[in-house]
Each structure stands twice: as structure tokens, then as C-alpha cells.
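Okay, so here's the structure we're looking at.
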Amino acid sequence: MATTGSRIAAIAAVLMALAACGGSATPTAQTDVGITSTEILLGNTNALSGAAAAYGTISNAENAYFTYVNNNGGINGRHITLKILDDVYNPANTVPLTKQLVEQDKVFAMFSGLGTQTQTSVRDYLNGQKVPQLFVATGATTWGADYSKNTYTLGWQPPYQGESRIYAKDITTNHTSAKIGVLYQNDDYGQDYLKGLTDGLGSSASTMIVDKETYDVTAATPAAQLSKLKAAGADTLFLFTTPGFTIKSLATVTALHWEPAIYLNSVSNPQVYMGIAKKAGAALKNVTSVGYIKDPTDPQWDADAGMKLYKQAIANCTNCNVNDGFNIYGVAVAYTMVDVLKQAGSNMTRANVLNIAANQLNETNPFLLPGVVVKTTSSDHFPIMQEQVITWNGTGWTLQGTLINERGTLK
Amino acid sequence: MQEFLQQIVSGIASGGIFASLALALVLIYNAMGLVNFAQGEMAMLATFIAFTLVDHGVSYWIAFPVTLVVAFAGGILVQRIVIRPVERAPILTLVIVTLGLATLVNGVAGFIFGYVPRSFPSPFSAQTVNLLGAFVSYRDLGVIGVSTVVLLLIYLLLQRTTIGLTMRAAAHHPEASRLLGVHVSWMLALGWGLASAVGAVSGIMVAPILLLEPNMMQTIIIYAFAAAVLGGIESPLGAVVGGLIVGVTVNLAGAYIPFVGGDLQLAVALAIIITVLVIKPNGLFGRPSVRRV
């Protein structure tokens, strides 16, 4: 009797194993963890609360675009589910939450995780687990520059160093006698921008930059630093500062009766912030920045098909402000994700999706400025490298000249 | 020299911001012998109420007093619902409760209003005046001016009215006050209401400068603590003077002490708190606490 019992148990175990296999493997197409016949599961961490929570809306905007795609048939019959978790912009939270998404929820890939330090903190883990970390929402140069060491990780937006090299180009061609003062946030973000500017100015950097000041994110206002920069004789001010400090800086510059040429980093240039700065008393004279995304508040895009699509997609998010520049960013990066998944077609494996994203992207994104190409090749892993100089005209940004291509300048 | 002057003037301007919130801390301390860590967040929420009113077309000069009344009622409500159940608990419990309240209010404001900074109207112009080559805006002067008025009102209330006397008595000698027929618990509630209203004034005054968002007061409250402790936590005058000193010190340290720079200004404020508590625990204007044995 004992042998019969164990034989039955063995048969049962085999049957159960077969049944378990049958659920996940479809014979006709290749799939991977996080993919079922009806669903593609993606994971995301973002600052939904805390000091950096202004960025939180990006995840909701991404979800709004995925909802739009799902409502229109999804991707080869599969709908995208984006699981969003709040890491409060703190790497100490990002690590366990990312592990949870990978090990418990079994996501197919991480998508558009926000923050340089937060995403750096999970880069080794995700590469070790061979889970794609796609299109991180940070402009740190390391994502493209260190691709060879982290082949599961990819950035999306233009790297900060590329952007400040464009400013350097503008200075060295149009303002050769500029005396530059820099106010920057003393972390990876601000230092990355400063490095691009210094590298771009080359040998003249040491003479042209007359003073550099940092600020504490807890300070009430940057008045002390701006007074120093003014006293140092700067006639050109670079603000490598987050939106809140940028607005206060712009108001403070005016309050100090100082009229430098101002270069504003793209993180802080959405039109809605310029409006707030104006109300706070900023004169906003002679302000330059760069752009690569269409600004939802710019009337020149009113009849644009991409802008119409954006407004249609963002309507799926009830508490998203349609005019917030972060939301069109979210929709634009979600568009690239959908593009990659569509190209993967029936070969929905991590390896294939990663290969398309890192080496074969060649996309015209309807939410980006005309002419911007989202592109990767086997030797170039900076998806967006074109930006255009913009100047503030009092009510909006005016595009100047043509797109500047920095592709190939960063290794 | 001109830059030095500008650093001092900018420091006085930030000092006014610290002082305005420090006044609310002083008031609550007088009312219950404890600081309220949620004071800044309650002020922020009150400012959002004013913002919502103005945003819906209500005139600023109506929204202002309405907000003060709402903040006053809200302060009383918080004391009745949240603080009263733990009124007799050890002081640490109360501290934790106010810390929890701060987190809660911050989260609720973020949930309702989002985290995008907003501009807030000011009755004072953003134009500046020239003081010997240093510039200060009317808004900054307005914060200091209004803080001075609030300071006078608090002084009159605490020192010249029966209700102020009763409040202080209830805070410092609750048992004796109760024997004399004082409604101690309601006096504490009144203190919470008044402090909340003073906080609302602070929020409404500083929001045009700091930009209104849920984290507006998060670090200001630490500078305000430094200001209140430096001035002697019981003294309204001390709060204002302390605020101005903290503002100027932090600015000058940032500008002229190389290793402090722009990065360690908050550390300077914390150093002030520690130094005062070690060397002169009663601050500049506080009275030493005398205990009869």
C-alpha cells in the first residue's frame, strides 16, 4: 500500500507541475515575467508625497496615457498596468519598494522611476536581477554615460550636461565677454549642470565664471547667495535650481535691482512657474533656457495634433493639471514605452524589449518639438540629445534658431 | 561694504518671516507650557484656506479675517479633539501627538492642493526701497510691520487683560487655577485658537515671499524655534528680536564663513538652539523659572 500511495503522489505532483506550466506559457509567442495573455505589468516609484511631490503627477500622467492606449485596444490585445509606489524621493524607500515590485508583484520592467539618487540606489539591484530599468525620469548624465556597466538601465530626457553645453555654446558665440555667476543646488543634479557648463566653456571657464554659490534646500530664500553673485560683478546668472528656488531667485534678482542675463535650467522653466515668478515680482528680463517638449500653455500648439492627443490622454487623469509641464513629460515618455512594446510585438521578452529600447529606437514623438528624434544605437544610449534655445517674451517662450544637436558630445 | 549691508538687510527680511511664526509658538507656550510642532503646518493649511477664498473671487480683505476666524475655530477644534484626550499624559506624548499632527496636516494639504508652488497675493508691493544701497522689498517690511503689531496685541492680551492672566495661570498652575474656578481646559483651547490665528497671519504674510505649497513652513518652523528659544520662549518681544537675530546670523554665516556657505545655514539655526539651551536656557528676554521648595 505504501508504494501505491507514493506512486499516486508522484503522478499528482507531475500533473500539478504540468498544470502550472500550462497557465503561463502560450505556445505561439515568447513572453517573460510580468506578461500574461492580457496584461503587461510595469512598476514605477515616484515622490507622491514629501518635499519633491510636485513630480508625483508625472506617474499619473503616464498612467493616463496607458489608459488611453488600453482603451484603444492596448498592445496586441494586452493592456498595460502601471503599479505606482511612493518612495517620498528617499533612496531608503526606493530600494525595498523596487524589490517589492520585482519580487512580489513580479513586474516585467521598471518604468520611469523618478530621481537621480533614488534610481541610482536600485540600479545595481535591477541589473543584477536582469530587470529592465527603462527611461528613468532624471537627466543625470550617468544613465547614458555608464550604460556599458549597466545594460539594463536607460535614461530618456536630455542629459543635464548636454543642456548646459548648449548654454556654453550660446555664451561662447553670442556673449564672449560674459561674467558668469552660478547658483546651483549642491547635489548630483546641480553639479552635473555645472560640469556641462564648465566643460562646454573649456579653457575660458576659469576666467568667465566669476563666482559660484550653493544653497541649502531648507533656506527661506536665496537672497544671500544672489547678493554675493551680484557683488562679484556677474552680468550673467545661471540658475541650476529646482522650481521653487528658481521662482524665488527670479523674484530676488529683481528685488536686488540687478539685471543680469539669466539662464534657466529646463527642469524649472515650465510656463506655469514663470507665471508664478512674475506674480512674485520678477521682471523676467533677458531670460534664456532650452526646450525639447511642447509647452501645453503655448498657443502655437493649439491646433497641433500631438497637443490634441496630449489633452485627450491627460483627460484620463482627473487630478492632473493640463497646463503642468510635468504632465506632458509623463505622456511623452509613456509614448516611447508604448512604442517599444509595440515593436516587441509577439516577442515580449525582457531581452527583446531592452534591445529595442537601448539599441534600435528611432522615434518621432508627437509631444516633443518638431524635429526631435528619440534615438538609440548600439553605440549611443542617450535617447534625446536635441534641444532648442528659448527666450522668455513676457508671456511665453519663443523658440530661437534651430534645434541644437549634442549627440556624440557625451560619452 | 554694500554687499555686507545687503546681507544684513536680507537677513532682517528672513528674520521677519521667522519672527512671525515664532510669535505663534510663544503664544501656545504661554497657553500650555509646550511648543506645538504642528504650528507651521496649521499656518500653512490656513493660508490655503485664504488662497481658496481669494481664488474663488472673494476679496483679499474679506478672505483675511474669515481665514483668521476659521483658523481660530480650527485651533480650538484640534485642541478639543486631538489634544484634550492626552492633556494629562506625559509631555513626550504631547510632543509626539503634535509631530503626528504636523505630518497629517502636511499630507492632507498635499492631497487636496497638490505640491506645485502657487503665488499668493500680498497687500504690500513687490517694489523695493533703497537703504544706503541695499534693497529691501515692501513685502519684507510688511512682514516685520505686521509681526510688530501682532506682538503688541499678544503683549496686551497676556499682560493687560484678565483673560490673558487666566490663560497664563491655567498653563502654569492648572491645579490652583481650577480651585479658583478657572475652566483650565477651555483656557488651553483658547490658547490653541489664538495661536492658530496668529499662525494664519504669519502664513498669509509670508506666502507671497515663500510661495504657497504644503512644505512652505516645514523648515521655517525650525528657524522659528531657534528664534523663540533665543528670545526666551515665553516672551513675544523675544520672539521678534530672536527672529531678526537668527535671520541676520544665518545670512552672515552663510556669506562669510567659508565652510558654512550656502549649504549649512540650517545647521547654524540648530547651533543657536543648542547654544542658548546650554548657556542661557531662558533666552534673552525670558525670566528664569523659580521654583519654591
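Quick note, the sequences are listed as chains A and B, same order. Going by the numbering used here, the first residue of the first sequence is number 245, and it counts up by one from there. Going by the numbering used here, the first residue of the second sequence is number 7, and it counts up by one from there. Every residue, glycine too, gets a C-beta built ideally from N, C-alpha and C.
Item: Can you list, in chain order, the stretches of the alpha helix (DSSP H) that have 4 or more residues and sit fully within the region 109-179 of chain B?; Value: 144-166 and 168-178
Item: Over what stretch of residues does the beta strand (DSSP E) that includes residue 287(A) continue unbroken?; Value: 283-290
Item: Figure out for me which residue from 594(A), 651(A) and 601(A) has the closest Cα to the Cα of residue 374(A).; Value: 594(A)
Item: Could you name the residues of the region 532-566 of chain A whose beta carbon sits closer than 9 Å to any beta carbon of chain B, in the order they occur along the chain?; Value: 563 and 565
Item: Going by C-alpha distance, which of 124(B), 86(B) and 135(B) is nearest residue 661(A)?; Value: The displayed coordinates of chain A run from 245 to 655. Any statement about residue 661(A) would go beyond what the structure contains.
Item: Give the interface partners of residue 491(A) over in chain B, defined as CB-CB distance under 7 Å, in chain order.; Value: 123 and 217
Item: For residue 30(B), decide whether its Cβ has a neighbour in chain A, counting only Cβ atoms nearer than 8 Å.; Value: no
Item: From which residue to which residue does the alpha helix (DSSP H) around residue 573(A) run?; Value: 569-588
Item: Note down, in chain order, all residues in the region 500-512 of chain A with a beta-carbon under 7 Å from any beta-carbon belonging to chain B.; Value: 500 and 501
Item: Report the residues of the region 129-145 of chain B with a CB closer than 7 Å to any CB of chain A, ordered along the chain.; Value: 132, 134, 141 and 143
Item: For residue 272(B), return the contacting residues in chain A, with the cut-off set at a CB-CB distance below 8 Å.; Value: 460, 462 and 463
Item: Taking the Cβ atom as the reference point for each residue, do residue 24(B) and residue 230(B) lie within a distance shorter than 8 Å?; Value: yes
Item: Specify whether the region 294-307 of chain A and the region 345-352 of chain A touch according to this definition: at least 3 beta carbon pairs, one from each stretch, less than 8 Å apart.; Value: no
Item: From residue 629(A) to residue 651(A), what does the alpha carbon distance come to, in whole angstroms?; Value: 5 Å
Item: Nearest to residue 396(A) by CA position, among 547(A), 536(A), 470(A) and 378(A), is which residue?; Value: 378(A)
Item: Can you tell me which of the three DSSP states residue 649(A) falls into?; Value: strand
Item: Would you kindly report the start and end of the unbroken beta strand (DSSP E) that includes residue 608(A)?; Value: 606-608
Item: Just to check my reading of the structure: residue 219(B) and residue 122(B) have Cβ atoms closer than 8 Å, yes? What is that Cβ distance to the nearest angstrom?; Value: 7 Å
Item: State yes or no: is the C-beta of residue 602(A) within less than 8 Å of the C-beta of residue 580(A)?; Value: no
Item: Locate the alpha helix (DSSP H) running through residue 279(A), then write down its first and last residues.; Value: Neither: residue 279(A) is in no alpha helix (DSSP H) and is coded neither H nor E.
Item: Once the 5 residues before and after residue 261(B) are set aside, which same chain residues still bring their CB inside 7 Å of it?; Value: 13
Item: Taking the straight line between their C-alpha atoms, what separation do you get for residue 312(A) and residue 369(A)?; Value: 32 Å
Item: Between the alpha carbons of residue 358(B) and residue 34(B), how many angstroms are there, rounded?; Value: This structure cannot speak to residue 358(B), because chain B is shown only from 7 to 299.
Item: Sort 467(A), 522(A) and 481(A) by Cα distance to residue 509(A) and report the nearest one.; Value: 481(A)
Item: Under the DSSP definition of a beta bridge, which residues are partnered with residue 99(B)?; Value: Answer is none; residue 99(B) lacks a bridge partner.
Item: Is DSSP giving residue 355(A) helix, strand or coil here?; Value: strand
Item: Relative to the C-alpha of residue 169(B), which residue among 139(B), 141(B), 200(B) and 144(B) is closest?; Value: 200(B)
Item: So residue 472(A) contacts chain B; which residues on that side make the cut at Cβ distance below 7 Å?; Value: 9 and 261
Item: Can you check whether the C-beta of residue 61(B) is within less than 8 Å of a C-beta belonging to chain A?; Value: no
Item: Apart from the five residues on each side of it in sequence, which residues of its chain come closer than 6 Å, Cβ to Cβ, to residue 51(B)?; Value: 111 and 115
Item: Confirm, please, whether the CB-CB distance from residue 228(B) to residue 196(B) is below 8 Å.; Value: no
Item: For residue 85(B), return the contacting residues in chain A, with the cut-off set at a CB-CB distance below 9 Å.; Value: Within 9 Å Cβ-Cβ: nothing; residue 85(B) doesn't reach chain A, min ~26 Å.
Item: Enumerate, from N- to C-terminal direction, the unbroken beta strand (DSSP E) stretches of 3 or more residues contained entirely within the region 214-260 of chain B.; Value: none
Item: Going by Cα to Cα distance, which pick from 538(A), 568(A) and 600(A) is closest to residue 614(A)?; Value: 538(A)
Item: Roughly how many whole angstroms lie between the Cα atoms of residue 280(B) and residue 458(A)?; Value: 25 Å
Item: Alpha carbon to alpha carbon, how far is residue 385(A) from residue 653(A)?; Value: 12 Å
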